[in-house]
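One structure is given below, encoded as structure tokens.
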Amino acid sequence: MRTPIFFLVAGLAACGGTPVSGPGTTAASSSGSIEWQAFGADAFAEAERDGKLLLVDVGIEGCTACRWMAEATYTHPDVVARVNAHFVPVAVDANLRPDLGERWSRWGWPATIVLSPSGEQLFAVRGNKRPRNFVPLLDQILTARADGTLRPEMDPLPDAAPEGAVELSCREVNDALESRRAALGWDGGFLMVRGAPLAHEFLRHDTRGADLEHALGTAEAFQRLLDPVWGGVFVAGREADGGFQVIAEKRVLHNAAALHAFARLHALHGDPGSRQAAEEIHRYLADWMTAPDGTFYATQEDDAPGLPSGMRAADYYALPDAERRALGIPPIDHAVYTDLNGRMIEAYANAFIVLRDPRYLDAARRATETLLQDRVSADGWIRQTAPTDAVASDDRMRDFEAGAGGPYLASQAWMLVATLAVYDATLEPVFLEAATGIADASLAALRHEHGALLAGPPDPSTERLAPRFPVEDNAVMARGLVRLAAFTHEARYRAEAETILRAVAPPGALTRRGANVQAEAALAFEHLLLGPLEVSIVADPDDPDAAALFEAAMQVRSSRRVVHFEPDGRYPRQAHPILHVCSNVACSSPIADPNRVQEVAAQLARVEGGACE
146 MRTPIFFLVA GLAACGGTPV SGPGTTAASS SGSIEWQAFG ADAFAEAERD GKLLLVDVGI
206 EGCTACRWMA EATYTHPDVV ARVNAHFVPV AVDANLRPDL GERWSRWGWP ATIVLSPSGE
266 QLFAVRGNKR PRNFVPLLDQ ILTARADGTL RPEMDPLPDA APEGAVELSC REVNDALESR
326 RAALGWDGGF LMVRGAPLAH EFLRHDTRGA DLEHALGTAE AFQRLLDPVW GGVFVAGREA
386 DGGFQVIAEK RVLHNAAALH AFARLHALHG DPGSRQAAEE IHRYLADWMT APDGTFYATQ
446 EDDAPGLPSG MRAADYYALP DAERRALGIP PIDHAVYTDL NGRMIEAYAN AFIVLRDPRY
506 LDAARRATET LLQDRVSADG WIRQTAPTDA VASDDRMRDF EAGAGGPYLA SQAWMLVATL
566 AVYDATLEPV FLEAATGIAD ASLAALRHEH GALLAGPPDP STERLAPRFP VEDNAVMARG
626 LVRLAAFTHE ARYRAEAETI LRAVAPPGAL TRRGANVQAE AALAFEHLLL GPLEVSIVAD
686 PDDPDAAALF EAAMQVRSSR RVVHFEPDGR YPRQAHPILH VCSNVACSSP IADPNRVQEV
746 AAQLARVEGG ACE
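Per this note's numbering, the very first residue in the sequence shown carries number 146; after that it's consecutive.
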């Protein structure tokens, strides 16, 4: 394992977050303050009444660049004067409102968005802007509005998908990802932010023996980002020369991807270093980011409250434990967001399947059970936050909304995938029933005549905005529906997945999208086209003679693998437990020897030429 890298890049343009002055707070200034308000119908009505534009600041808690902008830019007299005179200032927490966060994610965080009173997007800019840059930007916007050259930015719906669209789109997105791998590698940059590109590369390896050079590089890079004192990985970006930009923030998003990388690397090579690295992720999450009810917090900021003037966060994290604690603990966002928890639950459940560490299954199960108990609405969909406010003691950048509305597609999609992952690890019917309920409620609440699912339901806060069909969240939902179809043997869920993918990602729609969006779409396409790798144990679940076959089935490494007990006559019974492995091409003969399961499954998992290549 390489020595971790600890340094900050001053003035990094964007990372994630929201300004200190959010709804319910003010930014003090010699020329007054900016009174931020919530995104909603009232803000649009005020802009319309007063002839103003909406200035929307979008981000998440715990973001360095957003905090810089809040402290230095939104308190500057020239900025305050312009914003108060010409704009209705609105703050959006992208974690609290994942429908709005997805809409503007390509520009953040922080993202600065200018909207007309009718909801048209007129301008968008990415990242932290200092007053010397931001004031001219505001002036340019106001001048363009005055002379009539400030035009709406259009985001049209994709064209209708032709026959064969899924296969064609799958080929296009695989080609796009392959070019990204060749050009950029996987050892830094935005490709590390989420786990989808890595998961797609492992899928390509499982199905057609693709090279894992870039995946191994990513796992090595995650190891270099581990905090050697408290565990967990830091946020990383890529410099122009290919090196790291490290920000001493920690987020569940990154740690879920790192845990997945370490577990899969251990599965492939039995490397004890990757097992220990997975343990370092778990240690950090258990010590710092796990709520008393087992759910997971979102982010930890970089700066400790007692950091001396001139001391960088990187210097703080180079200290041993006692010296860090003497300076205080960097603030943690104690809000629990369903979509981020879904990512972490899936990573924990998959890590358990590979590493067989019962603590990982316990972590996944506890979080899932808490979310299902506290957040499922009367209509069956799941809320993004809990109905009670558990973060009142936090000095937050913006107000927190307990029981935030919905349903939001991100919450439903990631909770569907997470609940199925826990079912996959346990085969306990309660989790399959919960996943089925979430899927049915999501399809009922968010379905659009276009075929894809909406980012969130139409409501007064979004009625002036164009409808949004996020590719990434729709792809995650489609992937979950394909797996649900395999577990339940209900073909309607696969048909729903195909409808969603045809609508949201027809040929040509993904060529200019980011790597994470492309990879989520590629995963969904391939799961749909390849179908599941079904491992069916012909025995009752409580049959002790079937235990060895069950353990062998659970060790099949393919991400397409689903395990069933089949006591209902789907396969002929024999005098002793047997097992069948089936792909969409062929099925094995009955297997009674657990030692044969891995070899047979590996053979049937391979697809000559891939699903769409």
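Every residue gets a Cβ at the ideal spot worked out from N, C-alpha and C, and that includes glycine.
- In this structure, the CA atom of V225 is about 46 Å from the CA atom of A508.
- In the DSSP assignment, I286 falls within the unbroken alpha helix (DSSP H) covering P276 to A291.
- Separation of G377 and L398 (C-alpha to C-alpha, rounded to the nearest whole angstrom) is 11 Å.
- Between F232 and L198 a beta carbon distance of about 5 Å is seen, short of the 8 Å cut, so the two are scored as contacting.
- Residue burial is scored here from C-beta neighbours: N740 has fewer than 16 other C-beta atoms within 10 angstroms and is therefore classed as exposed.
- Contact between the region 251-258 and the region 269-282 is present, with at least three C-beta pairs closer than 8 Å.
- By a beta-carbon distance limit of 8 Å, G601 contacts G551. Their separation comes to about 7 Å.
- Residue E346 holds the alpha-carbon nearest to the alpha-carbon of A321 among V708, E298, E346 and A750.
- By the Cβ criterion, the region 705-716 is not in contact with the region 651-664, since fewer than three pairs of Cβ atoms, one from each stretch, lie closer than 8 Å.
- Counting only runs of 4+ residues, the alpha helix (DSSP H) found wholly inside the region 358-441 occupies 358-369, 397-414 and 417-433, in chain order.
- The three-state reading of DSSP puts V683 in strand, counting E and B together.
- Within the same chain, Cβ atoms closer than 6 Å to the Cβ of D351 are found at S703 and A750, the five residues on either side in sequence being excluded.
- Here H479 carries a coil assignment [DSSP, helix/strand/coil].
- Distance from the Cα of V380 is smallest, within the candidate group V567, R396, A360 and G418, for R396.
- With a 10 Å radius around the Cβ and a threshold of 16 neighbouring Cβ atoms, N278 comes out exposed.
- Taken through DSSP and simplified to helix, strand or coil, R353 comes out as helix.
- Fully contained in the region 457-506 are the following alpha helix (DSSP H) runs of length 4 or more, in chain order: 458-462, 466-471 and 483-500.
- For the pair V536 and A480, the CB atoms are nearer than the 8 Å cut-off.
- Bridge partners of P234 according to DSSP: L200.
- L472 and G451 do touch by the CB rule: their CB atoms are close to 4 Å apart, below 8 Å.
- Note on geometry: alpha-carbon atoms of M489 and E425 lie some 15 Å from one another.
- Taken atom to atom, the span from the alpha-carbon of V701 to that of D478 is near 37 Å.
- Secondary structure at H595: coil, using DSSP grouped into helix, strand and coil.
- If you check the CB distance, A584 and L561 come in under 8 Å.
- Counted as a single uninterrupted DSSP element, the alpha helix (DSSP H) harbouring F695 occupies residues A692 to M699.
- L678 is bridged by DSSP to R706.
- The beta carbon of L370 sits closer than 6 Å to those of V378, F379 and A381, all from its chain and outside the five residues before and after it, given in chain order.
- Boundaries of the alpha helix (DSSP H) harbouring V567: L554 to T571, taken from the DSSP string.
- For A256, the uninterrupted beta strand (DSSP E) run begins and ends at A256 to L260, by DSSP.
- Under the DSSP assignment, I645 falls in the alpha helix (DSSP H) whose first and last residues are A636 to V649.
- Non-local C-beta neighbours of P735 in its own chain, meaning closer than 6 Å and more than five positions away in sequence, comprise I723, ordered along the chain.
- The residue among R227, T513 and L464 with its C-alpha nearest the C-alpha of G487 is T513.
- Nearest neighbour of N619 by Cα position, chosen from T607, P605 and P651, turns out to be P651.
- Between E594 and R248, the alpha-carbon positions lie close to 20 Å from each other.
- In this structure, A344 lies near L668, with their beta-carbon atoms less than 8 Å apart.
- Cβ-Cβ distances below 6 Å link Y568 to F576 and L577 in the same chain, with the five nearest sequence neighbours on each side left out; the list follows chain order.
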